[in-house]
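**Q** I'd like to ask some things about the structure below.
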Amino acid sequence: MDVLKLADEIIDGRRLTREDDLNIFLTCDLKELCQGADRIRDARIGDKVDLCSIINGRSGRCPEDCKYCAQSAHHHTNCEVYEFLPEDTIVEACKVHEQEGVDRFSIVTAGRSLTGEEFEKAIHAFERMQKECPNIELCASMGFLTAEQFHRLHEAGVTSYHHNIETSRRNFPNICTTHTYDMKVETLKMIKAEGMCACSGGIIGMGETWEDRLDMAISLAELGIDSIPINALMPIKGTPLEDQPLLTEDDILRTIAFFRYINPDANVRLAAGRALLTNDGELALQSGASASITGNMLTTVACATIRSDKAMLKRLGRV
Numbered sequence: 001m002d003v004l005k006l007a008d009e010i011i012d013g014r015r016l017t018r019e020d021d022l023n024i025f026l027t028c029d030l031k032e033l034c035q036g037a038d039r040i041r042d043a044r045i046g047d048k049v050d051l052c053s054i055i056n057g058r059s060g061r062c063p064e065d066c067k068y069c070a071q072s073a074h075h076h077t078n079c080e081v082y083e084f085l086p087e088d089t090i091v092e093a094c095k096v097h098e099q100e101g102v103d104r105f106s107i108v109t110a111g112r113s114l115t116g117e118e119f120e121k122a123i124h125a126f127e128r129m130q131k132e133c134p135n136i137e138l139c140a141s142m143g144f145l146t147a148e149q150f151h152r153l154h155e156a157g158v159t160s161y162h163h164n165i166e167t168s169r170r171n172f173p174n175i176c177t178t179h180t181y182d183m184k185v186e187t188l189k190m191i192k193a194e195g196m197c198a199c200s201g202g203i204i205g206m207g208e209t210w211e212d213r214l215d216m217a218i219s220l221a222e223l224g225i226d227s228i229p230i231n232a233l234m235p236i237k238g239t240p241l242e243d244q245p246l247l248t249e250d251d252i253l254r255t256i257a258f259f260r261y262i263n264p265d266a267n268v269r270l271a272a273g274r275a276l277l278t279n280d281g282e283l284a285l286q287s288g289a290s291a292s293i294t295g296n297m298l299t300t301v302a303c304a305t306i307r308s309d310k311a312m313l314k315r316l317g318r319v
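So for the sequence shown, UniProt numbering puts the first residue at 1; every next one is plus one.
Structural data, given as structure tokens:
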């Protein structure tokens with residue numbers, strides 16, 4: 001099938017399923033695939049690029065054994081370790097990002113979940129940000145929570161919760177053994193049931209097959225995910241994936257493009273690995289991507305990076 005014709009069908013309402021021949025995305029001309037993906041993005045999402053920034057609210061000593069992650073206690077990395085940040089630090093960072101025109105701000109914490117006193121600190125921080133930063137959406141990424149915790153976050157002003165499925169169901173046990181793919185899926189269902197937006201994507205370049213990437217894209221569509229961050233692995237010394245080869249830009253662009261075909265109404269978000277892309281991702285934003293993480297994700301203030309991204313978006317006519 002002609003991928004440009006398929007793009008028009010998707011714009012008109014067609015939705016791809018597991019029964020469709022998705023292998024077309026692996027063999028078609030990359031330029032045409034990206035052109036079609038951008039056409040879908042323009043029709044279904046529009047020009048504006050959704051920008052989000054995060055603050056690393058608690059770092060290191062995670063008990064999970066995810067092979068890619070510097071924050072896992074199972075690996076020997078130079079990851080910074082600290083407990084939950086002071087409330088004022090988080091709120092002030094949110095104010096700075098609001099002033100810089102970022103659309104969303106998220107507290108991200110290492111660990112299986114956030115509980116007890118630290119969860120209460122997060123609630124208080126969100127309640128303050130909801131009042132003091134009215135022009136920025138609030139997001140969270142705090143691992144496996146209960147339905148009651150999701151409800152409390154929602155009441156505190158959180159509109160979107162991030163929880164990656166990371167890879168395909170088949171490949172997941174090769175990446176992590178301390179929790180399961182089904183636990184991820186159930187968590188995402190709780191997020192949707194609470195009425196929050198679900199943000200979930202994964203990491204490419206971990207040794208998965210192209211079929212694994214297609215399966216992940218379809219799984220996210222089946223779950224009705226609203227925002228899909230696509231991370232390209234940047235191997236970290238001390239992790240089991242430290243010797244994994246870097247992806248090519250063409251591989252990343254092809255992945256982003258077919259994620260757009262399969263998830264036409266979701267925000268396909270550039271995340272880690274933008275350094276592998278030309279001009280920090282200009283081509284990706286012309287290949288189906290409609291959102292991006294901006295700023296240095298491990299610091300509280302990254303105004304220079306945010307301004308650089310906004311200048312690029314203005315140049316592309318995507319503001």
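Each residue gets a CB set at the ideal place from its N, CA and C atoms; glycine is no exception.
(1) Does DSSP put Thr27 in a helix, a strand or coil?
(2) Is it the case that the Cβ atoms of Val96 and Gly57 are separated by a distance below 9 Å?
(3) Short check: CB of His162 to CB of Ser200, under 9 Å?
(4) Per DSSP, what kind of secondary structure is Ile107 in: helix, strand or coil?
(5) Which two residues bound the contiguous alpha helix (DSSP H) that contains Gly116?
(6) Please state whether the Cβ-Cβ distance between Met183 and Gly202 is less than 9 Å.
(7) Would you tell me roughly how many angstroms separate the C-alpha atoms of Leu298 and Lys5, rounded to the nearest one?
(8) Please specify which runs of the beta strand (DSSP E), each continuous and at least 3 residues long, are wholly inside the stretch 34-63, giving them in chain order.
(9) Just the Cα atoms here: how many angstroms apart are Lys67 and Thr239?
(10) Would you kindly work out how many angstroms separate the C-alpha atoms of Leu285 and Asp38, rounded to a whole number?
(11) From which residue to which residue does the beta strand (DSSP E) around Ile225 run?
(12) Keeping to the same chain, check which residues put their C-beta closer than 7 Å to that of Glu282; ignore five residues upstream and five downstream.
(13) Given a cut-off of 9 Å, decide if Arg104 and Val81 are closer than it, judged by their beta-carbon atoms.
(14) Taking the CB atoms as reference points, tell me whether Leu246 and Leu233 lie closer together than 9 Å.
(15) Which residues share a DSSP beta bridge with Ser290?
(16) Is the beta carbon of Arg260 less than 9 Å from the beta carbon of Ser287?
(17) Can you list, in chain order, the residues of its chain with a C-beta nearer than 6 Å to that of Ala289? Leave out the 5 residues immediately preceding and following it.
(18) Thinking Cys94 and Cys133 are a contact (beta carbons under 8 Å), I'd like their distance in whole angstroms, please.
(19) Check the DSSP bridge columns for Ser308 and list the partner residues they point to.
(20) Check the C-beta distance from Asn171 over to Asp212 and give it rounded, since I have them as a contact under 8 Å.
(21) Name the two residues that bound the continuous alpha helix (DSSP H) containing Leu188.
(22) Exposed or buried, which one is Lys131 when buried takes at least 16 other CB atoms within 10 Å?
(23) By how many angstroms is the C-alpha of Gln71 removed from the C-alpha of Pro173?
(24) Ala147: buried (16+ other C-beta within 10 angstroms of its C-beta) or exposed?
(25) Thr178 and Pro63 look like a contact to me (Cβ under 8 Å); what is the Cβ gap, rounded to whole Å?
(26) Using alpha carbons as the reference points, say which of Met190, Asp29, Arg14 and Asp226 lies closest to Ile40.
(27) Only counting the same chain, and skipping five residues up and downstream in sequence, which positions put a Cβ closer than 6 Å to that of Leu214?
(28) Please state if the CB of Leu276 and the CB of Thr248 are separated by a distance shorter than 9 Å.
(29) Quick check on DSSP: helix, strand or coil for Cys219?
(30) Fully enclosed by the stretch 225-290, which beta strand (DSSP E) runs are 3 residues long or longer?
**A** So, to answer that:
(1) Mapped onto the sequence shown, residue 27 falls at position 27. The answer is helix: DSSP assigns Thr27 an H, G or I state.
(2) Position 96 of the sequence shown, counted from the start, is the residue given in the question as residue 96. Position 57 of the sequence shown, counted from the start, is the residue given in the question as residue 57. Contact check for Val96 against Gly57 fails: the beta carbons are separated by 9 Å or more.
(3) Within the sequence shown, residue 162 is the residue found at index 162, counting from 1. Within the sequence shown, residue 200 is the residue found at index 200, counting from 1. Contact flag set, yes.
(4) Locating residue 107 in the sequence shown gives position 107, counting from the first residue. Looking at Ile107 - three-state DSSP - the assignment turns out to be strand.
(5) Mapped onto the sequence shown, residue 116 falls at position 116. In the DSSP annotation of this structure, the continuous segment of the alpha helix (DSSP H) that includes Gly116 starts and ends at Gly116 to Glu132.
(6) By 1-based counting over the sequence shown, the position of residue 183 is 183. By 1-based counting over the sequence shown, the position of residue 202 is 202. Against a cut-off of 9 Å, the Cβ pair of Gly202 and Met183 comes out as no contact.
(7) On the sequence shown, position 298 is the one that residue 298 refers to. On the sequence shown, position 5 is the one that residue 5 refers to. Per-residue confidence for Leu298 stands at a pLDDT of 42, beneath the threshold of 50, marking its modelled position as unreliable; no derived number is given.
(8) Runs of the beta strand (DSSP E) inside the stretch 34-63: 50-58.
(9) Residue mapping note: residue 67 aligns to position 67 of the sequence shown, counting from 1. Residue mapping note: residue 239 aligns to position 239 of the sequence shown, counting from 1. Lys67 and Thr239 have their C-alpha atoms some 6 Å from each other.
(10) Here residue 285 refers to the residue found at position 285 of the sequence shown. Here residue 38 refers to the residue found at position 38 of the sequence shown. Whole-angstrom Cα-Cα distance: 8 Å.
(11) Along the sequence shown, one-based indexing puts residue 225 at 225. Unbroken run through Ile225: none, as it is neither H nor E.
(12) Reading the sequence shown from its first residue, position 282 is the one you call residue 282. If we look at Glu282 and ignore the five residues flanking it on each side, its Cβ neighbours are Met312 and Leu316.
(13) Translated into positions along the sequence shown, residue 81 becomes position 81. Translated into positions along the sequence shown, residue 104 becomes position 104. No, the Cβ-Cβ distance between Val81 and Arg104 is not below 9 Å.
(14) Sequence index remark: in the sequence shown, residue 246 carries index 246 (1-based). Sequence index remark: in the sequence shown, residue 233 carries index 233 (1-based). Yes.
(15) The sequence position of residue 290 within the sequence shown is 290, counting from 1. Answer by DSSP bridge pairing: none, since Ser290 is not bridged.
(16) Mapped onto the sequence shown, residue 260 falls at position 260. Mapped onto the sequence shown, residue 287 falls at position 287. Yes; because the gap between Cβ atoms is below 9 Å, this pair is in contact.
(17) The residue you call residue 289 lines up with position 289 of the sequence shown. Cβ neighbours of Ala289 beyond the five flanking positions: Ile256, Val268 and Leu270.
(18) The count along the sequence shown starts at 1 and reaches residue 94 at position 94. The count along the sequence shown starts at 1 and reaches residue 133 at position 133. Right, the Cβ-Cβ distance comes to about 5 Å (below 8 Å), so this counts as a contact.
(19) What you label residue 308 is simply residue 308 of the sequence shown in a count that begins at 1. Answer is none; Ser308 lacks a bridge partner.
(20) One-based indexing of the sequence shown puts residue 171 at position 171. One-based indexing of the sequence shown puts residue 212 at position 212. Confirmed, Cβ separation roughly 5 Å.
(21) As a first step, residue 188 must be located in the sequence shown, where it is residue number 188. Tyr181 to Glu194 is the extent of the alpha helix (DSSP H) around Leu188.
(22) Along the sequence shown, one-based indexing puts residue 131 at 131. By the neighbour-count rule (16 or more Cβ atoms within 10 Å), Lys131 is not buried but exposed.
(23) As a working mapping, residue 173 is identified with position 173 in the sequence shown. As a working mapping, residue 71 is identified with position 71 in the sequence shown. Computed Cα separation, rounded: 19 Å.
(24) Within the sequence shown, the letter at position 147 stands for residue 147. So Ala147 counts as exposed.
(25) Numbered from 1 along the sequence shown, position 178 holds the residue referred to as residue 178. Numbered from 1 along the sequence shown, position 63 holds the residue referred to as residue 63. Taking C-beta atoms under 8 Å as the contact rule, Thr178 and Pro63 qualify, at a distance of about 7 Å.
(26) Looking up residue 40 in the sequence shown gives position 40. With distances taken between Cα atoms, Ile40 lies closest to Arg14.
(27) Against the sequence shown, residue 214 aligns to sequence position 214. If we look at Leu214 and ignore the five residues flanking it on each side, its Cβ neighbours are Leu22.
(28) By one-based count along the sequence shown, residue 248 stands at place 248. By one-based count along the sequence shown, residue 276 stands at place 276. Yes, Cβ-Cβ distance for Thr248 and Leu276 is below 9 Å.
(29) Looking up residue 219 in the sequence shown gives position 219. In the sequence on display, residue 219 carries Ser and not Cys. Helix, per DSSP.
(30) Counting only runs of 3 or more, we get 227-232 and 267-270.
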